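This report refers to the structure that appears directly beneath it.
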């Protein structure tokens, strides 16, 4: 039992680090001017599709690959997530982007539950109110306010990822579905490959960062996460994802020299705390 718990903790930790690393890699490539957002998105999707297809073939055989799991609507949501994510990181720091992204993801999924008349309990409502108020305060005009356009783009990215996650519930083997959706998203995003011909740019370092994001922190990261998910309760799976902005903040400080502002620390703590309260009280009913 202890061994299984240890494996679960290790896999979950690796997956959360991979998710946070996506923000760090994107910011390093895009914030530093190593490449344009369209090229980063295209390389990330294509390399991720190749890596996941190879994983599916190795795990399930070629017949599963030929079956082409996934669907075009989910692939479109995945493309919107990836492109808006890249565009946002032209303007946002790694920590700020990760916080807005995961707040939007959790907010989308919670809102979907409310729209389905899943009425919140009083503690759940308090948690949601605190998180929403802190999010609004984070974006209010001020010296430490994140870039508005970047924030809107990252919210769009989070909403798209939330939609993708909701559509993926009960859709069969998650790894197969994600591999198929990545392939479809890469096909839909083919025009992005032409970006360098229309003013885009990509350095060797930028291409390397995009490929690491696609193969390692997206492809392998998602595979590890799907391996860990069956070992976690729904509450645990939802709650551990709130560690991603924290990891991204530490990584941004250590690797990119991005010191978080006081406003980001206070607002982020309230947002993550409020969402955690909403998730935990919801699952206890």
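In this note's numbering, the protein residues as written are 17 to 301. From the three backbone atoms N, C-alpha and C, an ideal C-beta is built for every residue, glycine too. In this text the structure is predicted, and so the values were computed from the model without any measurement.
Task: When 191, 224, 114, 175 are compared against residue 162, the one with the closest alpha-carbon - done: That would be 114, whose Cα lies nearest to the Cα of residue 162.
Task: Short Cβ contact (8 Å threshold) for residue 261 with residue 151 - done: no
Open item on the list: When you compare the stretch 190-201 with the stretch 119-138, are there three or more beta-carbon pairs, one atom per stretch, that lie closer than 8 Å?
Closed with: no
TODO: Would you tell me roughly how many angstroms separate the C-alpha atoms of residue 295 and residue 255, rounded to the nearest one?
DONE: 7 Å
Task: Contacting residues, own chain, Cβ-Cβ under 7 Å from residue 284 (five flanking each side not counted) - done: 115, 261
Task: Residue from 153, 75, 56, 71 with nearest C-alpha to residue 278 - done: 153
Task: DSSP three-state assignment for residue 50, whether helix, strand or coil - done: coil
Open item on the list: I'd like to confirm the pairing. Which residues does DSSP put opposite residue 218 in its beta bridges?
Closed with: 51
Open item on the list: For the structure I just gave you, are there three or more beta carbon pairs, one from the stretch 123-135 and one from the stretch 218-234, closer than 8 Å?
Closed with: no
Task: Close-in-space but distant-in-sequence residues of the same chain around residue 286 (CB under 6 Å, 5 per side omitted) - done: 146, 150
Task: C-alpha gap between residue 72 and residue 58, whole angstroms - done: 21 Å
Task: Residue nearest to residue 44 in terms of C-alpha spacing, selected from 271, 297, 282, 157 - done: 271
Task: Cβ shell of residue 307 (< 8 Å), same chain only, five flanking positions each side left out - done: Nothing can be reported for residue 307, as the shown portion of the chain is limited to 17 through 301.
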